[in-house]
Structures are given as structure tokens and as C-alpha cells.
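J.: Keeping their order, the protein sequence lines are chains L and E. Adding 31 to a residue's 1-based position in the first sequence gives its number in this note's numbering. Adding 297 to a residue's 1-based position in the second sequence gives its number in this note's numbering. Here it is, the structure, as C-alpha cells.
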Amino acid sequence: MKKISFTLNGEEKEFVLDSADEKLLNLLRRYGYKGTKWGCGEGACGTCTVILNGKTVYSCITYAFLAEGSEIWTIEGMGTRKNPHPIQKALVKEGAVQCGYCIPGMVLSAKAMFDKIPSPNDLEIREYMDGNLCRCTGYEKIYTALKKVAESNAEGGK
Amino acid sequence: MKIVDFVSTGSVEQASTVLKQLGAKGILMAGGTAFHFFSSEDEKTAVVPDDEQLKFISENNGFFEIGSFASISDLREFSNQGWVLDRVAEEFATQQIRNMSTLGGNISQVFPWSDFPVVLLALSAEINVLEEKESRAYEAVDFFRQQPGKFLKNGKIVKSVKIPVLEKGEGFGYKKEKRTNAAFSTLTVAVYVKLEKGSIKDIKIVSGASMGMPKRLGIIENELKGKKADTGMLKEKVKALAGQYSWKGKEGTTKEYAGCLAQTRITDAIVEAFNEAESEVE
């Protein structure tokens with residue numbers, strides 16, 4: 032079967048596809064990157080979101096071969112239990128995490144947004160996050176957490 | 298659709314040659330977001346060109362030219378005087394889908410809910426197709442006369458789309474109905490209008506989704522041409538004429554509801570276009 036290589040969370044890696052039809056989500060999970068969650072499987076819920084060349088994609092509908100030569104970030108590259116990413120810290124601090132299943136996708140969508148717009152306004156937050164569903168929180172605490180990150184970034188990331 | 302193999306090519310011309318060799322087994326891969334709508338028994342070899350070559354938006358001689366691999370988020374983020382596709386892109390699915398989907402993909406295989414065919418018809422776009430190593434320009438009305446997916450064979454590839462830079466006195470309106478924020482269209486209306494001394498010199502009204510495939514609403518257009526751009530008159534004319542078209546109920550709605558919704562949203566889109574055209578005049 033064909034091999035592909037791409038930079039995953041800052042490290043160049045090689046992967047063997049199980050078929051030409053394999054989706055990126057399946058490939059990542061087969062190789063142990065299980066932080067990227069399986070949700071709807073049809074590009075609607077957002078829990079499988081990863082960042083591909085700086086832009087969020089639904090990995091459940093992205094053909095894995097399209098990742099050849101690209102740069103991909105998954106939740107495994109975002110922080111650790113001891114040293115969480117500022118987005119993760121803000122979500123926890125605001126009580127925005129309940130069951131947590133949507134959170135890996137939420138964090139990646141937020142990272143892509145803050146990388147492009149360090150201090151987004153409310154409308155920009157809603158637009159960048161509109162592809163991630165959460166069935167626990169009703170979104171408000173998630174948005175509150177992201178607004179806090181935006182405010183912190185505006186103040187120079189204090 | 299099941300992808301059984303893939304071939305990466307350099308230029309779009311090379312991709313065209315490979316597609317021609319593969320015949321019915323080949324398919325051009327852009328974002329690939331629509332592939333799961335096709336039968337899984339349909340086995341294809343994906344041809345993946347160097348997308349950077351077709352990923353551009355430029356302005357020249359009163360037109361914007363958009364490469365067919367420009368993503369919907371590229372259209373959303375582009376900003377320039379006379380550019381209107383950001384308003385359409387904003388209404389398109391979700392951020393992840395906007396990042397993956399391309400303009401070329403959205404118009405090469407037209408579904409009833411496809412957003413951009415409606416808009417490109419209203420804007421009298423020109424679609425440039427690579428055919429036999431040369432580009433051929435199609436007017437949108439000809440390109441969308443049949444399902445483009447049936448005609449884009451033998452290595453034909455959509456290379457770019459040209460739309461006019463809207464000038465003073467011109468306006469664009471766009472309304473999209475959907476059940477949830479990220480859902481497919483249940484009704485789309487796109488309107489182009491040109492006003493002169495307060496009267497409607499030219500108007501194009503196109504609707505999709507509730508009509509099935511995109512369609513110009515010529516009866517309403519003809520009735521409005523030459524009239525003063527007056528909202529009261531507009532409401533009366535649309536109310537009287539929208540019923541002459543066949544509207545289909547979508548996702549649980551009745552056709553009567555679809556007809557009433559169409560009447561309202563056609564009016565709203567025309568008013569939006571009037572307002573823009575009038576504001577440019579000032």
C-alpha cells in the first residue's frame with residue numbers, strides 16, 4: 032500500500048495508508064493519535080477537527096492522501112496535562128468542559144482562529160467556531176473562555 | 298464514491314492528460330467534500346493537481362478572476378471594492394467545510410442545494426474550462442444549461458471563474474434559507490441589479506434549492522425592467538408573479554410554504570440589491 036509523509040505536531044512522520052479511500056481520522060487513530068475523536072463521520076459535528084496547513088478540516092471526510100507533504104496539528108500537539116495550552120486552561124477555568132468529547136475539535140478550531148486573528152471579536156469567534164457542536168454546555172461558557180483568551184492576547188498574552 | 302487509487306500531478310494540464318487517459322474511472326480531486334454523496338459502488342481514481350496554480354483571486358479590467366481551487370474561505374476572506382462573494386461564502390456550511398470546499402468543486406457537480414451556481418448565473422459569470430490544452434470561456438447560462446458533471450469529461454477541467462467588479466449603480470442581493478446554520482440550502486436567491494436615474498435598467502434574479510436546479514426568474518425580471526426601483530411596487534409584482542413558478546417543499550415543508558418563503562426572500566434579495574445600488578450612487 033502507498034506511503035505518505037507529513038509533519039505531525041512538528042515532527043516529520045511517514046504513514047502507510049490502509050487504502051486509497053482511507054480518511055485522515057482513521058489514519059491518525061490507527062497510528063495511536065486517538066485524541067482526535069470519531070463523531071458523526073460525515074463532516075458535521077467537528078470533534079474530528081485537525082489543522083491542516085493552518086486551516087481546520089474535518090478529518091473524518093478528508094482523504095488521507097491529501098495530507099501528503101502538509102503540516103498537521105492534532106490535540107496531542109497542543110499541551111500536556113502538566114502544561115496545558117492557554118486555550119485548554121481557559122476552557123477548564125470557565126467550566127466549559129463537561130463530557131469533553133467535543134473539546135479536542137473545539138481546541139483545534141480555536142487555535143486556528145487565534146493563529147490568524149489573535150484577538151477576534153464576538154462575531155469572528157462565532158464564525159470560526161461554527162463547525163463544532165457541543166451538546167453539553169450550550170456554548171456560552173466555551174465562548175466566554177475564548178473571549179478571555181482573546182482579551183488576554185489583546186493585552187499581550189498576560 | 299470509493300477512491301481506489303490516486304495520482305498526484307504537477308500542472309493542471311498534466312492533470313487533464315491523466316484524466317483523459319483514465320476516462321470514466323478518473324475524477325479530479327479538489328476538496329472532496331461532496332464525494333460521500335455519490336454511491337460507494339462508484340469506484341474512481343482521484344487525480345490531484347498542484348492546487349497552488351489554481352488557487353488565486355485577482356482583479357483586472359473590471360473583473361475578478363478566481364482560480365477554481367480557491368477555497369470558500371478564500372472567497373470569504375478576500376476583500377475589495379465591488380466584491381460580493383464574501384457575502385455568499387459567509388453563509389456556506391461551516392468553517393471546516395469552507396476551508397476544504399472549492400469554488401470549482403461547487404460548480405463542477407451541481408446539486409439542487411449548491412450555492413454558487415445561483416450566484417454566478419445572477420452575476421453573468423464567465424467560466425474558463427481547460428479543453429484539449431486550450432482554455433474555452435463559457436457564459437454561466439451555457440455552462441449551467443445542463444449538469445456540468447456530465448459535460449466535464451475527457452480531461453476538461455474548470456480553471457477559473459470571472460465575475461464583474463460591481464460599479465456605481467450596481468447592486469447584489471443574496472438570501473439563503475436553511476434549517477440550521479450549517480445545513481444545506483432549502484432556498485437560495487441571488488439578484489444582480491443595475492439602476493439608472495432610480496429606474497431598473499437591468500436585473501437578473503436566480504433561485505435554487507426549492508426550484509430544484511438553479512433557474513432564472515425571467516417572468517419577474519421582465520416585469521421589473523424599466524420600472525422605478527420602488528419597494529412597494531416590487532412587493533406587488535413579486536407577490537403576483539412568484540406563483541407562476543413551481544416551488545418544491547424541502548425537508549418537511551409543503552410546496553405552499555416554499556412558495557410563500559420564496560416570495561418573501563426574492564423581495565428581500567431585490568431590496569438588498571436596490572439598497573446597494575442606491576448607496577453606490579450617492
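From the three backbone atoms N, C-alpha and C, an ideal C-beta is built for every residue, glycine too.
Name the chain E residues whose beta carbon is nearer than 8 Å to that of L/S140?
T.: By one-based count along the first sequence, residue 140 of chain L stands at place 109. The answer, in chain order, is Q392, Q393.
J.: Spatial neighbours of E/A343 within its chain, please: CB distance less than 7 Å, with the 5 preceding and 5 following residues excluded, ordered by chain position.
T.: Sequence index remark: in the second sequence, residue 343 of chain E carries index 46 (1-based). For E/A343, where only same-chain residues beyond five positions count, the Cβ hits under 7 Å are I300, F303, I324, M326.
J.: Which residues of the region 85-96 of chain L have a Cβ closer than 8 Å to any Cβ of chain E? Give them in chain order.
T.: Residues passing the 8 Å Cβ filter: K86, T87, V88, Y89, I92, T93, Y94, F96.
J.: Taking the alpha helix (DSSP H) that E/I324 belongs to, which residues open and close that run?
T.: Walking along the second sequence from the start, residue 324 of chain E turns up at place 27. Where E/I324 is concerned, there is no enclosing alpha helix (DSSP H), although the beta strand (DSSP E) it sits in stretches over 323-325.
J.: Check for me: the alpha helix (DSSP H) holding L/I156 runs from which residue to which?
T.: Translated into the one-based positions of the first sequence, residue 156 of chain L becomes position 125. Note, L/I156: alpha helix (DSSP H), 153-159.
J.: List the residues of chain E whose Cβ lies closer than 8 Å to the Cβ of L/E73, in chain order.
T.: Here residue 73 of chain L refers to the residue found at position 42 when the first sequence is read from its first residue. Those within 8 Å of L/E73 in chain E are H333.
J.: Less than 6 Å between C-beta atoms, sequence neighbours within five positions excluded: which residues of the same chain meet that for L/G74?
T.: Taking the first residue of the first sequence as 1, we reach residue 74 of chain L at position 43. Taken in chain order, the residues that qualify are Y89, I92.
J.: Might you give, ordered along the chain, the residues of its own chain that have their beta carbon closer than 8 Å to the beta carbon of E/Q406, omitting 5 neighbours on each side?
T.: The count along the second sequence starts at 1 and reaches residue 406 of chain E at position 109. So the qualifying residues of the chain are A331, Q444, P445, G446.
J.: Where does E/S305 sit, in a helix, a strand or coil, going by DSSP?
T.: What you label residue 305 of chain E is simply residue 8 of the second sequence in a count that begins at 1. Strand, per DSSP.
J.: Quick one: is L/N163 buried, meaning 16 or more other Cβ sit within 10 Å of its Cβ, or exposed?
T.: By 1-based counting over the first sequence, the position of residue 163 of chain L is 132. L/N163 should be labelled buried.
J.: Taking a cut of 7 Å between CB atoms, which residues from the region 142-171 of chain L lie near chain E?
T.: Against chain E - using a Cβ distance shorter than 7 Å - the residues of the region 142-171 of chain L are E158, Y159, D161, G162.
J.: Distance, Cα to Cα, L/W104 vs L/L139?
T.: The sequence position of residue 104 of chain L within the first sequence is 73, counting from 1. The sequence position of residue 139 of chain L within the first sequence is 108, counting from 1. L/W104 and L/L139: Cα-Cα distance of roughly 8 Å.
J.: Whose Cβ in chain E lies nearer than 7 Å to the Cβ of L/T80?
T.: Here residue 80 of chain L corresponds to residue number 49 of the first sequence, with the count starting at 1. The answer, in chain order, is Q393.
J.: Are L/T175 and E/Q392 close, meaning C-beta to C-beta below 8 Å?
T.: For the purposes of this step, residue 175 of chain L is taken as residue 144 along the first sequence, with counting starting at 1. For the purposes of this step, residue 392 of chain E is taken as residue 95 along the second sequence, with counting starting at 1. No. Outside cutoff.
J.: In chain order, what residues of the same chain have a beta carbon less than 7 Å from the beta carbon of E/S313, not counting five sequence neighbours either side?
T.: Walking along the second sequence from the start, residue 313 of chain E turns up at place 16. So the list reads L427, G452, I454, once near-sequence residues are dropped.
J.: Using only the alpha-carbon positions, how far apart do L/R112 and L/A141 sit?
T.: The residue given as residue 112 of chain L occupies position 81 in the first sequence. The residue given as residue 141 of chain L occupies position 110 in the first sequence. If you take the alpha carbons of L/R112 and L/A141, they lie about 19 Å apart.
J.: From what residue to what residue does the beta strand (DSSP E) around E/G509 run?
T.: Within the second sequence, residue 509 of chain E is the residue found at index 212, counting from 1. Residues 509-513.
J.: Taking DSSP as the reference, what is the three-state secondary structure of E/K472?
T.: Against the second sequence, residue 472 of chain E aligns to sequence position 175. Correct three-state label for E/K472: strand.
J.: Output the distance between the C-alpha atoms of E/E474 and E/S504, rounded to the nearest integer angstrom.
T.: Working through the second sequence from its first residue, we reach residue 474 of chain E at position 177. Working through the second sequence from its first residue, we reach residue 504 of chain E at position 207. C-alpha separation (whole angstroms): 11 Å.
J.: Among E/E493, E/I460, E/A479, whose alpha-carbon lies nearest the alpha-carbon of E/N358?
T.: Taking the second sequence and counting its residues from 1, the one referred to as residue 358 of chain E is at position 61. Checked all of E/E493, E/I460, E/A479; the closest Cα to E/N358 is E/I460.
J.: For E/N519, name the three-state secondary structure that DSSP assigns.
T.: Your numbering for residue 519 of chain E matches position 222 in the second sequence. Note: E/N519 maps to helix in three-state DSSP.
J.: Any beta carbon from chain L within less than 8 Å of E/D412's own beta carbon?
T.: Locating residue 412 of chain E in the second sequence gives position 115, where the first residue counts as 1. Not closer than 8 Å to any Cβ of chain L, the Cβ of E/D412 fails to qualify, so no.
J.: Quick one: residues in its chain with C-beta nearer than 7 Å to the C-beta of E/E387, no 5 flanking neighbours on either side, listed in chain order?
T.: Indexing the second sequence from 1 puts residue 387 of chain E at position 90. Result list for E/E387: R373, in chain order.
J.: Counting Cβ pairs, one atom from each stretch, are 3 or more of them under 8 Å apart for the region 411-418 of chain E and the region 504-514 of chain E?
T.: Contact holds: three or more Cβ-Cβ distances are below 8 Å.
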